[in-house]
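S.K.:
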Amino acid sequence: MKKVVITGVSGLLGPYVVDHFIEKGYDVLSVDITKPKKSTARFMTANLANLGECYGILQGADAVIHLAAIPVAYSHPNEVTFQNNVMSTYNILEAAAGLGIKKAVIASSESSYGVVFSKQNLAPQYVPIDEYHPQLPEDCYGLSKIVAEETANMINRRCGMQVVSFRIGNVITPEMYANFHNFIHDSNPRRTILWSYIDARDIAEACRLAIETDGLGSVTLNLAADDTSMDIKSNELMKAEFPEVKDIRVPIDNYHTLLSNEKAKKLLNWQPVHCWRDNIPNI
Ligand SMILES: NC(=O)c1ccc[n+]([C@@H]2O[C@H](COP(=O)([O-])OP(=O)(O)OC[C@H]3O[C@@H](n4cnc5c(N)ncnc54)[C@H](O)[C@@H]3O)[C@@H](O)[C@H]2O)c1
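full-length UniProt numbering numbers the first residue of the sequence shown as 1 and each following residue consecutively.
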């Protein structure tokens, strides 16, 4: 049985990734700095900002899924967010390389494009935003994710480790669909995330495919659902909130996602299957 280490398991996304890997027959070691409320896998406490602890948790593993991070800007002093996220990712990949681990997944973010936490109302240069879109964060969190992606590239050059960096859209767990009626008719609250969402179970599937697929090198992949989280058509959302954006690269007269998921679908043979429209009655 293949052994996978999953970090960040006491958070929002981690438990879904752990459950998915267990269901698919993996031997899972789950890791976090705080204990999970409920644990379906063997758990170890570690602070990943410490390299020695990363070596300790990764002993004997075939792959690592690194989700642990401070997941937003401005919740902590900037340097705390930057240091925690950058050093934990560096240490995980450094230790994985030292132990000869061949495959890793790290959580990057749509925030790395810069629109999400911009205080100057940065607009996307074009939509849907794909992986070629410039990354222009003004904040410590977005920058920490760019450094994480560059760390992945460096480790891949050094030892050939396959590292998939997922630029994840807004994570939604099944119970969160009950809140959707609060925003689906108002373009404003979710404008900076370009109305993206992605079900945690679809992310879990993508993580497994990233470990099971060969030949990816170091690659960045957006993860988003096929549609937006809104009951307003995508062209109307753009006209309302980003009228200055004229470079629109696919037809968006339906609910088409504005965070492109095409590259992940193609390289991983992945298809997001959980759609908020199937989870809310009377839409
Ligand atoms: N939630 C989202 O919408 C979203 C969107 C894009 C990307 N992401 C990324 O996905 C990942 C998971 O996000 P989440 O929403 O589950 O976050 P979360 O805050 O709910 O969970 C993150 C977990 O990481 C742990 N952690 C942080 N620093 C640590 C350290 N130094 N050592 C050990 N554990 C540490 C925390 O204790 C926490 O349990 C993060 O990397 C985040 O940046 C999340």
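We put the CB at the ideal spot given by N, CA and C, even for glycine. Nothing here was measured: the structure is a model prediction, and the numbers come from that model.
Please confirm whether any heavy atom of ligand 1 lies closer than 8 Å to the CB of Glu131.
M.R.: No.
S.K.: With which residues is Val127 paired in a DSSP beta bridge?
M.R.: The partner list for Val127 (beta bridge, DSSP) reads Ile248.
S.K.: Can you give, in chain order, each stretch of the beta strand (DSSP E) that sits fully within the region 116-166 and has at least 3 residues?
M.R.: List check, beta strand (DSSP E) in window: nothing returned.
S.K.: Less than 8 Å between the CB of Glu30 and some heavy atom of ligand 1, yes or no?
M.R.: Position check: residue 30 holds Ser in this sequence, whereas Glu was assumed. No.
S.K.: Based on DSSP bridge pairs, tell me the residues matched to Ile168.
M.R.: DSSP lists Ser109, Leu223 as partners of Ile168.
S.K.: Would you list, in sequence order, the uninterrupted beta strand (DSSP E) runs of no fewer than 3 residues that lie entirely inside the region 14-87?
M.R.: Qualifying beta strand (DSSP E) stretches, in chain order: 27-32, 42-45, 63-66.
S.K.: Could you spell out the range, first to last residue, of the alpha helix (DSSP H) harbouring Ile211?
M.R.: 200-212 is the span of the alpha helix (DSSP H), which, as asked, contains Ile211.
S.K.: Measuring CA to CA, which of Cys275, Ile106, Leu267, Lys233 is closest to Ser88?
M.R.: When each option's Cα is compared against that of Ser88, the closest is Ile106.
S.K.: Please state whether DSSP places Lys263 in a helix, a strand or coil.
M.R.: It is helical.
S.K.: Per DSSP, Val4 is paired with what?
M.R.: Answer is Val28, Ala63, bridged to Val4.
S.K.: By Cβ distance below 6 Å, which residues in the same chain neighbour Ala46 in space, the five residues on each side in sequence not counted?
M.R.: Only Val31, Glu53, Ile57 meet the Cβ criterion.
S.K.: State whether the region 138-147 contacts the region 168-180, with contact taken as three or more CB pairs (one from each stretch) at a distance under 8 Å.
M.R.: At 8 Å Cβ cutoff, the stretches do not touch.
S.K.: Does ligand 1 have even one heavy atom less than 8 Å from the beta-carbon of Glu110?
M.R.: Yes.
S.K.: Quick check on Ser218: does DSSP put it in helix, strand or coil?
M.R.: Of the three classes helix, strand and coil, the one that applies to Ser218 here is strand, per DSSP.
S.K.: Quick check: the region 10-24 against the region 194-201, are there 3 or more CB pairs under 8 Å?
M.R.: Yes, since at least three Cβ pairs between the region 10-24 and the region 194-201 fall closer than 8 Å, the two stretches touch.
S.K.: Below 8 Å, how does it come out for the region 108-115 and the region 75-84: are there three or more Cβ pairs, yes or no?
M.R.: Flag = no, the region 108-115 and the region 75-84 do not touch.
S.K.: Helix or strand or just coil, what does DSSP make of His274?
M.R.: Three-state DSSP puts His274 in coil, outside helix and strand.
S.K.: Here's a check: name, in chain order, each residue in its chain whose Cβ is nearer than 8 Å to the Cβ of residue 285, leaving out the five neighbours to either side.
M.R.: As displayed, the chain neither begins before 1 nor continues past 283, which places residue 285 out of reach and without an answer.
S.K.: Could you tell me which residues DSSP puts in a beta bridge with His181?
M.R.: For His181, which the question treats as bridged, DSSP gives no partner whatsoever.
S.K.: Would you decide whether Ala206 is buried or exposed? Buried here means 16 or more other CB atoms lie within 10 Å of its CB.
M.R.: Answer is buried; the Cβ neighbour count reaches 16.
S.K.: Can you name the start and end residues of the alpha helix (DSSP H) that Lys239 belongs to?
M.R.: First-last of the alpha helix (DSSP H) with Lys239: 234-241.
S.K.: Answer with buried or exposed for Asp139, where buried requires no fewer than 16 other C-beta atoms within 10 angstroms of its C-beta.
M.R.: Buried: at least 16 other Cβ atoms inside 10 Å.
S.K.: Is the separation between the beta-carbon of Leu48 and that of Ile33 shorter than 9 Å?
M.R.: It is a contact, given that the beta carbons lie within the stated cut-off.
S.K.: Could you check whether Thr228 and Ser196 sit closer than 9 Å to each other, using their CB atoms as the reference points?
M.R.: Closer than 9 Å, so yes.
S.K.: What residue from Asn85, Val80, Gln59 has the CA that sits closest to Ala69's CA?
M.R.: Closest by alpha carbon: Asn85.
S.K.: Between Leu209 and Asn269, which are expected to be in contact by the criterion C-beta below 8 Å, what is the C-beta distance as a whole number of angstroms?
M.R.: 7 Å between Cβ atoms; contact.
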